[in-house]
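Protein chains: 2
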Amino acid sequence: MNNITLKKMAELLGLSTATVSRALNDSYEISQKTKDKVNALAKELNYEPNPFASSLRQHKSKTIALIIPEISSIFFSQITKGVEAISNHKGYHVIICCSNESYDTEKNIVKHLISGRVDGILLSASANTFSSEHMDRFIERKIPVVLFDRILDRLNVASVTSNDYESSFSATLHLINKGCQKIAFLKLGSSLSNIEKRHKGYLDALNQHKLNSNKSLALELSNDKKENLELIKIFIKTHQPDAIFASVEHLAFSTYDACKELRLRIPTDIKVLAYSNLEIARHLSPPLTTIVQPAYEMGKNAAIILLNQINKKSTDNGNIVISSELVLRESTDF
Amino acid sequence: MNNITLKKMAELLGLSTATVSRALNDSYEISQKTKDKVNALAKELNYEPNPFASSLRQHKSKTIALIIPEISSIFFSQITKGVEAISNHKGYHVIICCSNESYDTEKNIVKHLISGRVDGILLSASANTFSSEHMDRFIERKIPVVLFDRILDRLNVASVTSNDYESSFSATLHLINKGCQKIAFLKLGSSLSNIEKRHKGYLDALNQHKLNSNKSLALELSNDKKENLELIKIFIKTHQPDAIFASVEHLAFSTYDACKELRLRIPTDIKVLAYSNLEIARHLSPPLTTIVQPAYEMGKNAAIILLNQINKKSTDNGNIVISSELVLRESTDF
DNA sequence: TTGTAAGCGTTATCAT
DNA sequence: ATGATAACGCTTACAA
Numbered sequence: 034m035n036n037i038t039l040k041k042m043a044e045l046l047g048l049s050t051a052t053v054s055r056a057l058n059d060s061y062e063i064s065q066k067t068k069d070k071v072n073a074l075a076k077e078l079n080y081e082p083n084p085f086a087s088s089l090r091q092h093k094s095k096t097i098a099l100i101i102p103e104i105s106s107i108f109f110s111q112i113t114k115g116v117e118a119i120s121n122h123k124g125y126h127v128i129i130c131c132s133n134e135s136y137d138t139e140k141n142i143v144k145h146l147i148s149g150r151v152d153g154i155l156l157s158a159s160a161n162t163f164s165s166e167h168m169d170r171f172i173e174r175k176i177p178v179v180l181f182d183r184i185l186d187r188l189n190v191a192s193v194t195s196n197d198y199e200s201s202f203s204a205t206l207h208l209i210n211k212g213c214q215k216i217a218f219l220k221l222g223s224s225l226s227n228i229e230k231r232h233k234g235y236l237d238a239l240n241q242h243k244l245n246s247n248k249s250l251a252l253e254l255s256n257d258k259k260e261n262l263e264l265i266k267i268f269i270k271t272h273q274p275d276a277i278f279a280s281v282e283h284l285a286f287s288t289y290d291a292c293k294e295l296r297l298r299i300p301t302d303i304k305v306l307a308y309s310n311l312e313i314a315r316h317l318s319p320p321l322t323t324i325v326q327p328a329y330e331m332g333k334n335a336a337i338i339l340l341n342q343i344n345k346k347s348t349d350n351g352n353i354v355i356s357s358e359l360v361l362r363e364s365t366d367f
Numbered sequence: 034m035n036n037i038t039l040k041k042m043a044e045l046l047g048l049s050t051a052t053v054s055r056a057l058n059d060s061y062e063i064s065q066k067t068k069d070k071v072n073a074l075a076k077e078l079n080y081e082p083n084p085f086a087s088s089l090r091q092h093k094s095k096t097i098a099l100i101i102p103e104i105s106s107i108f109f110s111q112i113t114k115g116v117e118a119i120s121n122h123k124g125y126h127v128i129i130c131c132s133n134e135s136y137d138t139e140k141n142i143v144k145h146l147i148s149g150r151v152d153g154i155l156l157s158a159s160a161n162t163f164s165s166e167h168m169d170r171f172i173e174r175k176i177p178v179v180l181f182d183r184i185l186d187r188l189n190v191a192s193v194t195s196n197d198y199e200s201s202f203s204a205t206l207h208l209i210n211k212g213c214q215k216i217a218f219l220k221l222g223s224s225l226s227n228i229e230k231r232h233k234g235y236l237d238a239l240n241q242h243k244l245n246s247n248k249s250l251a252l253e254l255s256n257d258k259k260e261n262l263e264l265i266k267i268f269i270k271t272h273q274p275d276a277i278f279a280s281v282e283h284l285a286f287s288t289y290d291a292c293k294e295l296r297l298r299i300p301t302d303i304k305v306l307a308y309s310n311l312e313i314a315r316h317l318s319p320p321l322t323t324i325v326q327p328a329y330e331m332g333k334n335a336a337i338i339l340l341n342q343i344n345k346k347s348t349d350n351g352n353i354v355i356s357s358e359l360v361l362r363e364s365t366d367f
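As you go down the protein sequences, you meet chains B and X in turn. Residue numbers for the first sequence follow the working numbering, so the first one is 34 and each next one is one higher. Residue numbers for the second sequence follow the working numbering, so the first one is 34 and each next one is one higher.
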């Protein structure tokens, strides 16, 4: 570690460390001449400040944490890309943490972050997160937290979501307009904020067309694909829905699998519609009607809000809603 | 920042900070009794050590950087998941950095990481990275670097790749066996290590069947999808290949788009095969024959190697090769 | 087995 | 405009 430090530069220049530090930070109390000398030497020696010394002193890390339930999903990787783009642009690093849809893991991650390692947190709750207690210590210490997509209602912090209720409502109307009478709704878990809103939008649309009462169908699924496939097959055989509305992408894939195995033709025998950010949806067999969430924009917005809060440029705890897009394709049409 | 520190705990317990520190680190020189007392108080007060103080003192950050050319790609998000899983398990944080296929951006990222912020680097080169100079300072300082998938040959460090040459060779043979005589190879960029090996595998397979000489066709593409689509359409019209071998996933999608626009039927008029980790490939129209890279395993292995090097458990600079899988589907068959 | 004290590389508070 | 010095919170010789 023969690293070049402030002290060494100060010695070389015959200046104090304080002056060198201030010069590098472009302080107004330093003469331009000195600044130039210092910066020249810094460039020459490839000086890079030690971030830990600086963090220790300033109680800030220039780092944020992104906690997501799953990394290798298109939606969350687009979110991640947006977060990284903004953070990088503003000089912040992003630590990526994956809860794997487990509340325990999420608690653990959060616990290890309380040390001040990060200046703020972006969180999308796991499917098993039933409480927001684990975030309390951050709130107490006024470490900014911004939620996105899967929010925690009781937590009074800023959030970024898509228009889950509305997009689900109008997607369901689309199915109804296509003649569907028995539309099934595939849920992920039992309490995710976004899924519940989507479910409500679906129910209200049914209601509006008097299709509700005993005709609303919901199936609760998990992240276990094999299990999901079996459950969907049994569900279809039992209830014989004429449409399936998958509240998350991978449930649509399982639905395609199930239909194939049951020899059901989409959309002739059954229509399928899903929340999905899969670009290749247009080349599926049949092309899948999707609700595309503005994931990249959501990630960017969440990061912007978080960084503004970190830098005290904002303390707003509102919810930003960005609209999803319904893309009609053959899976819901003849 | 009314944080609980070592000092405070020491005061409360009537011990020195040194003892408390050692107790928390489970030092052999501390009595079990003291350890128990200290740990009890730490738990009670929810003590979390300040990572910056510790990093400053020990010159290690318990953090690694993952530099990838693109975040929202299935392959790289699976890589990321593997890296995160191992790192988290070993108590390391992962900073995610995206070069966006730009060498300049990659250089910039690397430059900002030299400060000691990370204990090691996992890198997959951008499509425009022609040199490994930017990594020299890490090598000099003996900061471990592990490359994966897109490696830099001149850099004498450990790496993890898939069997690009062999998988490409046998995939090309598959096309030849299916009767293809004029197989086109779609490249990404002009010098990526993995793409070049895939290209060589393709050429050698053609050669083996005397299909080479003036019959090998290569088209160099970028990440610009609109441009790619146009180039592929022109290319197909000009050369009329009977098969297209896409060396990365998104080029296969553009190929599907191109075929659709040109009203070419896959696989009747033209066969398509691609490197792709897209799970839903089986539901494409037609189902796409893919070479699936073991991305998650590659990420895990790269992380394991890097962490071993960081902890001096290994200094091996070898290349680990994990085999891809060829999954035959309709896009290469009638 | 425990304590003392120096030091990691910055930044911030006083002086000058 | 610049310098001296303490402090951030931890680890680690060296003492005891």
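Where a beta carbon is used, it is the ideal one built from N, C-alpha and C, also for glycine. On a predicted model such as this, the values are computed, not experimentally measured, just so you know.
At least 8 angstroms separates the CB of R362 of chain B from every CB of chain X. In the DSSP assignment, I269 of chain B falls within the unbroken alpha helix (DSSP H) covering K258 to H272. The three-state secondary structure of V325 of chain X, taken from DSSP, is strand. Unbroken beta strand (DSSP E) stretches of 3 residues or longer found wholly inside the region 102-139 of chain X: 126-131, given in chain order. In the DSSP secondary-structure assignment, E253 of chain X is bridged to X:K220. Per DSSP, reduced to three states, the secondary structure at L359 of chain X is strand. Within the region 156-243 of chain B, the runs of alpha helix (DSSP H) at least 4 residues long that lie entirely inside it are, in chain order, 169-173, 197-210 and 226-241. Distances from the alpha-carbon of E282 of chain X to those of X:K68, X:E103, X:E44 and X:D69 put X:E103 closest. Put simply, of B:L156, B:L146, B:K144 and B:G124 the residue whose alpha carbon is nearest the alpha carbon of E134 of chain B is B:L156. By the Cβ criterion, the region 209-229 of chain B is in contact with the region 273-288 of chain B, since at least three pairs of Cβ atoms, one from each stretch, lie closer than 8 angstroms. Legend: CB atoms of the region 146-160 of chain X lying less than 8 angstroms from CB atoms of chain B belong to residues I147, S148, G149 and R150.
The beta-carbon of N83 of chain B is placed less than 8 angstroms from the nearest beta-carbon of chain X.
Using a CB distance cut-off of 8 angstroms, S318 of chain X counts as an interface residue toward chain B. Around the beta carbon of D137 of chain X, a 10 Å sphere encloses fewer than 16 other beta carbons of the protein chains shown; the residue is thus reported as exposed.
Rounded to the nearest whole angstrom, the C-alpha separation of N72 of chain X and K66 of chain X is 10 angstroms. Residue pairing by DSSP places N352 of chain B opposite B:S192 in a beta bridge.
Within the region 54-78 of chain B, no residue places its CB atom closer than 8 angstroms to a CB of chain X. For S110 of chain X, the closest Cβ of chain B is nearer than 8 angstroms. Cβ neighbours of K70 of chain X within its own chain (closer than 7 angstroms, five residues either side excluded): L46. Buried is the label assigned to S110 of chain B, since at least 16 other Cβ atoms lie within 10 Å of its Cβ.
Nearest C-alpha to S94 of chain B among B:S148, B:L225, B:T52 and B:K345: B:S148.
Those residues of the region 110-128 of chain B placed with their C-beta closer than 8 angstroms to a C-beta in chain X are S110, Q111, T113, K114, E117, A118, N121, H126, V127 and I128, ordered along the chain. Closest option to L89 of chain X, judged by alpha-carbon separation, among B:Q91, B:N83 and B:H92: B:N83.
Under the three-state reduction of DSSP, V53 of chain X is assigned to helix. Here DSSP, grouped into helix, strand and coil, assigns V143 of chain X to helix.
Per DSSP, reduced to three states, the secondary structure at Y308 of chain X is strand. None of the residues of the region 239-262 of chain X has a beta carbon lying less than 7 angstroms from any beta carbon of chain B.
I355 of chain X and F108 of chain X have their alpha carbons spaced roughly 14 angstroms apart.
At least one beta carbon of chain B lies nearer than 8 angstroms to the beta carbon of L89 of chain X. When DSSP reads this structure, F278 of chain B sits in a beta bridge with B:F218 and B:L306.
In the three-state reduction of the DSSP assignment, G47 of chain X falls in the coil class, being assigned neither a helical nor a strand state.
DSSP lists X:C130 and X:L156 as the bridge partner or partners of I100 of chain X. Annotation for Y80 of chain B: I37 and M42 place their beta carbon closer than 7 angstroms to its own, counting only its chain and skipping 5 residues before and after. Per DSSP, N58 of chain X is not a residue of any alpha helix (DSSP H), being assigned neither H nor E. Taken atom to atom, the span from the alpha-carbon of Y125 of chain B to that of A328 of chain B is near 20 angstroms. In the same chain as N334 of chain B, and ignoring 5 residues on each side of it, the C-beta atoms closer than 6 angstroms to its own belong to V193 and I353, in chain order.
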